[in-house]
Amino acid sequence: MFATILLALSTAILARAIWFIITRFFLRSSLDEIPGPAPQSLFSGNFLQLFHEDAWAFHDELADRYGNIVRTTGLLGERELYVADPKALQHVLLKDQEIWEEHPQFISDNYLFFGEGLLATIGARHKKQRKLMNPVFSTAHMRNMIPIFQETVGRLRTTLEDLTKNGPQEVDMLHWMGRTAMELIGRSGLGFSFDSLAVDDPGHPAAACFKEVLLGPPWIRRAIVDLIPSRDLHSVRDKIDTIWATSQEIYAQKKAALSSGDEAVKQQIGLGKDILSLLIRANMKTDDPLDETELLGQMSTLIFAATDTTSSALSQIFYLLAQHPDVQNRIRQELRTVKEAAGNEMTYDDYEALTYMDAVIRETLRVYPPLTLLKRKANKDVILPFGKPITGADGRELSEVHVPAGSSVIISVINASRSKEIWGADALEWKPERWLSPLPDSITSAHMPGIYSNLLTFLGGGRACIGFKFSQLEMKVALAEILDAFQLAPSAKAVKWRMGNISTACVEGEPDVSQLPVMLSRAN
Numbered sequence: 000m001f002a003t004i005l006l007a008l009s010t011a012i013l014a015r016a017i018w019f020i021i022t023r024f025f026l027r028s029s030l031d032e033i034p035g036p037a038p039q040s041l042f043s044g045n046f047l048q049l050f051h052e053d054a055w056a057f058h059d060e061l062a063d064r065y066g067n068i069v070r071t072t073g074l075l076g077e078r079e080l081y082v083a084d085p086k087a088l089q090h091v092l093l094k095d096q097e098i099w100e101e102h103p104q105f106i107s108d109n110y111l112f113f114g115e116g117l118l119a120t121i122g123a124r125h126k127k128q129r130k131l132m133n134p135v136f137s138t139a140h141m142r143n144m145i146p147i148f149q150e151t152v153g154r155l156r157t158t159l160e161d162l163t164k165n166g167p168q169e170v171d172m173l174h175w176m177g178r179t180a181m182e183l184i185g186r187s188g189l190g191f192s193f194d195s196l197a198v199d200d201p202g203h204p205a206a207a208c209f210k211e212v213l214l215g216p217p218w219i220r221r222a223i224v225d226l227i228p229s230r231d232l233h234s235v236r237d238k239i240d241t242i243w244a245t246s247q248e249i250y251a252q253k254k255a256a257l258s259s260g261d262e263a264v265k266q267q268i269g270l271g272k273d274i275l276s277l278l279i280r281a282n283m284k285t286d287d288p289l290d291e292t293e294l295l296g297q298m299s300t301l302i303f304a305a306t307d308t309t310s311s312a313l314s315q316i317f318y319l320l321a322q323h324p325d326v327q328n329r330i331r332q333e334l335r336t337v338k339e340a341a342g343n344e345m346t347y348d349d350y351e352a353l354t355y356m357d358a359v360i361r362e363t364l365r366v367y368p369p370l371t372l373l374k375r376k377a378n379k380d381v382i383l384p385f386g387k388p389i390t391g392a393d394g395r396e397l398s399e400v401h402v403p404a405g406s407s408v409i410i411s412v413i414n415a416s417r418s419k420e421i422w423g424a425d426a427l428e429w430k431p432e433r434w435l436s437p438l439p440d441s442i443t444s445a446h447m448p449g450i451y452s453n454l455l456t457f458l459g460g461g462r463a464c465i466g467f468k469f470s471q472l473e474m475k476v477a478l479a480e481i482l483d484a485f486q487l488a489p490s491a492k493a494v495k496w497r498m499g500n501i502s503t504a505c506v507e508g509e510p511d512v513s514q515l516p517v518m519l520s521r522a523n
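Mapped onto numbering that gives the first Met the number 0, the consecutive letters of the sequence shown carry residue numbers 0 to 523.
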């Protein structure tokens, strides 16, 4: 009996493997109608070319040679569509977003890293979480966070002034932007201080743990780690414990303060106006509340989303400003004019009035988006239309393609934002001035489905970045405080930007260490 079952199981597995090989390598797919590069190998396809840390040139080549719709090959021969076409992206992110779900690997990875937060849920559960959280990120609440932002970045300014008191100093801006972003989301997001931002202060133990590993609480994974006799894995386990314990501590303090009344709330960092306090209040009032594990999952998600991406974007801006002193000086002049008119007390509206600074931020996020690629997977057969017809592999003109269920689409944030068809012949150039006058019709009529400035930097649709206003405000306050006090110049060290999941800087010859050295001196 056992032998019969084993034989049947082996036969089923073998048949499935044979069918997998036939469908991947021998049967023709409708996606084969789309031109694209040959795979590097049967096993890796174009995967390494697409996702390598030095993949910038390959993505430029795809745009130049094939345009905005490209057929690429994934692992084990999987056919994929690489998309930067605005109309196709509208269908993926907006019109047919119920069909184009987050890739299962993305969901499972985020569940592992962050727990049951926004990045790890789909469908009705995701909508429920987002509905509760949307009001917390409104402009009205962002206005209330200005004092917290200013006080936090002011502490960074004091530290950098101390570092440069004896003259120009090489400073790792990526390090300081990461610490500052963590403290900003800690104070304004959770009502909790992770870091004093002093040179000799290592910060709260949880801050270091978040930087090394962001793992959720699932007990089964921790149990497996316990059973494996690995010192490195046990170190990861200990970091998980620290993060989880800190999250529970913060959550418990918030609930207790809110239950005790206004006086207890006023004793908290942020005076109860932080995102977590607002979220807990809203959750208490709704008829369909989130459970505690979901709220704790939002905490990990907020810390990651507000730390890595924003610190990457700010570091890229500081790097570019060090290379372009004329742009840097123009921002400083604009800033000091607005600041003087405001009596040195900048408000939300004053930051909004910094039009040239805003142009620099927009242009940096366009040319150098922190997040370059995303994946979606079709849960059923679907027709994907193109905004501009392409020439198919057989020479016929194609205005759409049939996408079989289970197929993946790679959303090229970077090529959608740097398309010469949309942004013109100078699309690859960093030119902040392009944002100071009305954008050309080629841009506005493209209807790129992003929630921010005709860009996909913060995505669009039901899974757009919920905290994009928070991120914008953080960048403006940080730039205003730093540029008012300091002059930036390039370091003698050669800097290289790695693509990765989140683009980050390193020094040539030291690829394993994320850093951005910049020469910092007092500004006149």
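Glycine is no exception: its CB is placed at the ideal position from the N, C-alpha and C atoms.
Cβ shell of residue i (< 6 Å), same chain only, five flanking positions each side left out
| i | result |
| --- | --- |
| residue 274 | 135, 188 |
| residue 30 | 70, 78 |
| residue 347 | 142, 145 |
| residue 176 | 310, 313, 314 |
Three-state class that DSSP yields for residue i in the structure shown
| i | result |
| --- | --- |
| residue 58 | helix |
| residue 125 | helix |
| residue 131 | helix |
| residue 290 | coil |
| residue 411 | strand |
| residue 80 | strand |
| residue 488 | strand |
| residue 349 | helix |
| residue 68 | strand |
| residue 522 | coil |
| residue 325 | helix |
| residue 97 | coil |
Among the options, the one whose alpha carbon lies nearest that of residue i
| i | options | result |
| --- | --- | --- |
| residue 432 | 160, 325, 409 | 325 |
| residue 88 | 519, 373, 490 | 373 |
| residue 102 | 93, 119, 113, 94 | 119 |
| residue 515 | 493, 429, 66, 257 | 493 |
| residue 249 | 296, 281, 478, 154 | 296 |
| residue 279 | 434, 320, 190 | 190 |
| residue 145 | 422, 85, 350 | 350 |
| residue 388 | 154, 399, 302 | 399 |
| residue 417 | 377, 366, 435, 444 | 366 |
| residue 422 | 345, 125, 85 | 85 |
| residue 81 | 98, 93, 59, 480 | 59 |
| residue 360 | 487, 390, 140, 327 | 327 |
| residue 470 | 122, 63, 184, 109 | 184 |
Close-in-space but distant-in-sequence residues of the same chain around residue i (CB under 7 Å, 5 per side omitted)
| i | result |
| --- | --- |
| residue 364 | 312, 454, 456 |
| residue 370 | 308, 412, 501 |
| residue 287 | 127 |
| residue 14 | In this prediction, residue 14 scores a pLDDT of 49, lower than 50, which makes its location untrustworthy; the coordinate-derived value is nonetheless stated afterwards. Excluding sequence neighbours, residue 14 sits near nothing in its chain. |
| residue 200 | 194 |
Exposure of residue i, with buried meaning 16 or more beta-carbon neighbours within 10 Å
| i | result |
| --- | --- |
| residue 316 | buried |
| residue 407 | buried |
| residue 90 | buried |
| residue 425 | exposed |
| residue 368 | buried |
| residue 36 | buried |
| residue 40 | exposed |
| residue 482 | buried |
| residue 51 | exposed |
| residue 331 | buried |
| residue 356 | buried |
| residue 67 | buried |
| residue 244 | exposed |
Close-in-space but distant-in-sequence residues of the same chain around residue i (CB under 8 Å, 5 per side omitted)
| i | result |
| --- | --- |
| residue 531 | The first residue shown for the chain is 0 and the last is 523, placing residue 531 beyond what the model contains. |
| residue 43 | 74 |
| residue 38 | 44, 45, 72, 76 |
| residue 96 | 460, 461, 462 |
| residue 509 | none |
| residue 341 | 349 |
| residue 465 | 117, 129, 132, 133, 136 |
| residue 53 | 497, 498 |
| residue 409 | 49, 71, 79, 80, 81, 82, 372, 373, 374 |
Interface flag, residue i vs chain D, CB-CB below 9 Å
| i | result |
| --- | --- |
| residue 316 | Considering every chain present, this structure includes no chain D. It has just one protein chain. |
Complete runs of the beta strand (DSSP E) confined to the stretch 150 to 177 [at least 3 residues]: 168 to 171
Uninterrupted alpha helix (DSSP H) stretches inside the stretch 362 to 420 (no shorter than 4 residues): 412 to 416
Unbroken stretches of the beta strand (DSSP E), 3 residues or longer, contained in the stretch 433 to 480: none
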